[in-house]
Amino acid sequence: MAVHRPTIEILREWVELACHAPSVHNSQPWRWVFSGGDLHLELDTDRLVATDPSRRQALISCGAVLDHLGVAAAATGWRILVDYLPNPNDPLFVASVGFTPMTYVTVAHRRRAAAILTRRSDRLPFRSPQNWPAAELLLSRAAEGRPDEDSAAIFDVLSHDDRTTLAEASRLSEALRQYDSDYHAELDWWTGPFGDSDGIPHASLVSATEGQRVDVGRSFPVTHHSRDRRTEIAQDRSEIVVLSTYSNTRRDVVCCGQALSRVLLEAEMSQLSTCPLTHVLEVDVSRDMVRSLVHRDHPQVLVRVGQRTADDDQPAPTPRRPIDDVFTVRV
64 MAVHRPTIEI LREWVELACH APSVHNSQPW RWVFSGGDLH LELDTDRLVA TDPSRRQALI
124 SCGAVLDHLG VAAAATGWRI LVDYLPNPND PLFVASVGFT PMTYVTVAHR RRAAAILTRR
184 SDRLPFRSPQ NWPAAELLLS RAAEGRPDED SAAIFDVLSH DDRTTLAEAS RLSEALRQYD
244 SDYHAELDWW TGPFGDSDGI PHASLVSATE GQRVDVGRSF PVTHHSRDRR TEIAQDRSEI
304 VVLSTYSNTR RDVVCCGQAL SRVLLEAEMS QLSTCPLTHV LEVDVSRDMV RSLVHRDHPQ
364 VLVRVGQRTA DDDQPAPTPR RPIDDVFTVR V
């Protein structure tokens, strides 16, 4: 009996699309290896950031790229089967992925895969999202995932009354690292002008005046543009979503990354703009403030959700590593 499995060429296409997943500073801390009939997702130690010593953000990024792979596969009629952290003696081995054919492919499967290429992390101010109650329901269901998926995250939306406290936590996290030379050197590295396959390009950063209109956002090195953008939005009016987990194991963190991917792609399909935020969770004091707001022990990532202006251009895509840098076949 013939064994049906995707070809190497198809796997390369899936991986190339999946690698458009978000990652902290666009560091892309992953590596894919096809071996023994399965696709292995591994942490790439050369891409880990020094300000993420627990590797929590890297694991969230790996969870996001893992979900993106599943979306890419589903659009061509395959379902992925994930074995999380299969080797307890190898902390870099994030997941082993097998495949099984699907009985049909829907328009929604293809739309979700198309959303991978149009999604951006948008650091500019947003308008309030249109029809937020309906959008909130869609995003919360995306965070929960399907009943047959084991990668749910807890979904909370901060109230507007909580926004002041969150903005204070954001400022505090920056103030506590004002003299952290390692932190600022790393930001300079990932926003430098010499990266053509990783990092955050100049066009994706905000100027000082643009940043003043976003009360909750990481402070990157100040950049300059020929004109300020979205000047008609005096202050960011986004909704802020918090994704948390019930415990804080490595698997929980990877699964939260998968949930983050689902939320971002669902928002993109709903024509909403997003920007993931982790800086307020990188410092204990500000993370405790977020804990108190959502009454959860393990907040993992925040997301600003809003609307661009009608005539505003889509932010430019950030660069990605060549497929041969991230995908290998091991005989």
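If you want this note's numbering, it's the 1-based position in the sequence shown plus 63.
Backbone N, C-alpha and C define an ideal beta-carbon position, used for all residues, glycine too.
Please read these numbers as outputs of a predicted model, since none were measured by experiment.
Check your understanding: So, residue 97 versus residue 389, is the Cβ gap smaller than 7 Å?
Key -> Here residue 97 refers to the residue found at position 34 when the sequence shown is read from its first residue. Here residue 389 refers to the residue found at position 326 when the sequence shown is read from its first residue. In this structure, residue 389 does not lie closer than 7 Å to residue 97 by Cβ.
Check your understanding: From which residue to which residue does the beta strand (DSSP E) around residue 158 run?
Key -> The residue you call residue 158 lines up with position 95 of the sequence shown. For residue 158, the enclosing beta strand (DSSP E) starts and ends at 156-164.
Practice item. Write down every uninterrupted run of the beta strand (DSSP E) in the segment 148-220 whose length is 3 residues or greater and which is fully enclosed by it, in chain order. Key: For the segment 148-220, whole beta strand (DSSP E) runs of length 3 or above, ordered along the chain, are 156-164 and 217-220.
**Study point:** Inter-stretch contact at 8 Å, needing at least 3 Cβ pairs: the segment 262-274 / the segment 326-336
**Key:** Touching, no, given that fewer than three Cβ pairs across the two stretches are closer than 8 Å.
Review point. From what residue to what residue does the beta strand (DSSP E) around residue 103 run?
Key: Counted from its first residue, the sequence shown places residue 103 at position 40. Taken as a continuous stretch (DSSP letters only), the beta strand (DSSP E) holding residue 103 covers 101-106.
Exercise for review: Please state whether DSSP places residue 302 in a helix, a strand or coil.
Suggested key: Taking the sequence shown and counting its residues from 1, the one referred to as residue 302 is at position 239. Residue state, collapsed to three classes: strand.
Practice item. Tell me whether residue 259 sits in a helix, a strand or coil according to DSSP, three-state version. Key: Within the sequence shown, the letter at position 196 stands for residue 259. Correct three-state label for residue 259: coil.
Check your understanding: Three or more C-beta pairs closer than 8 Å, one from the segment 125-144 and one from the segment 77-85: is that the case here?
Key -> Taking a contact to require three or more Cβ pairs closer than 8 Å, the segment 125-144 and the segment 77-85 qualify as touching.
Check your understanding: Would you report the Cα separation of residue 281 and residue 105, rounded to the nearest angstrom?
Key -> On the sequence shown, position 218 is the one that residue 281 refers to. On the sequence shown, position 42 is the one that residue 105 refers to. So the alpha carbons of these two residues sit roughly 27 Å apart.
Point to revise | Where residue 391 sits in the DSSP three-state scheme | key: For the purposes of this step, residue 391 is taken as residue 328 along the sequence shown, with counting starting at 1. Here residue 391 sits in strand by DSSP.
Check your understanding: Terminal residues of the continuous beta strand (DSSP E) containing residue 364?
Key -> The residue given as residue 364 occupies position 301 in the sequence shown. Run containing residue 364: 361-369, per the beta strand (DSSP E) assignment.
Check your understanding: For residue 64, which of helix, strand or coil comes out of DSSP?
Key -> One-based indexing of the sequence shown puts residue 64 at position 1. Residue placement at residue 64 is flagged as unreliable, the pLDDT there being 38, under the threshold of 50; a coordinate-derived value is accordingly withheld.
Point to revise | Assumed close pair residue 131, residue 324 - CB separation to whole angstroms, cut-off 8 Å | key: As a working mapping, residue 131 is identified with position 68 in the sequence shown. As a working mapping, residue 324 is identified with position 261 in the sequence shown. About 6 Å separates the beta carbons of residue 131 and residue 324, which is inside the 8 Å limit, making them a contact pair.
Practice item. Can you have a look at residue 147 and say buried or exposed, based on whether 16 or more other CB atoms are within 10 angstroms of its CB? Key: As a first step, residue 147 must be located in the sequence shown, where it is residue number 84. Label assigned to residue 147: buried.
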